[in-house]
Amino acid sequence: MELITKLIREEEGQSMVEYGLIVAVVALVCAGTYKVLGEKINGMIEKLGKSVDAMSKNIK
9 MELITKLIRE EEGQSMVEYG LIVAVVALVC AGTYKVLGEK INGMIEKLGK SVDAMSKNIK
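Here this note's numbering is used: the first residue of the sequence shown is 9, the next is one more, and so on.
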């Protein structure tokens, strides 16, 4: 508890909290983007995998 109080009172602590909040917001944006685009990206990767598999069968 003393550490938290010290961090809040000091300017360095405030900067650390601000950076922590920025990291949290960036993480939420990344998670939201992944949720929205995840299925599309997964479909594209699956299609690419099938294409590579088909091409490798043609090489033999």
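All C-beta atoms, glycine included, are put in the ideal place defined by N, C-alpha and C.
- One alpha carbon belongs to Leu45, the other to Glu54, and they sit about 14 Å apart.
- Rounded to the nearest angstrom, the gap between the Cα atoms of Asn50 and Gly57 is 10 Å.
- Across the structure, Ser23 and Lys48 are spaced so that their CA atoms are roughly 37 Å apart.
- Here Val33 has no same chain residue with a Cβ atom under 8 Å from its own Cβ, once five neighbours each way along the sequence are excluded.
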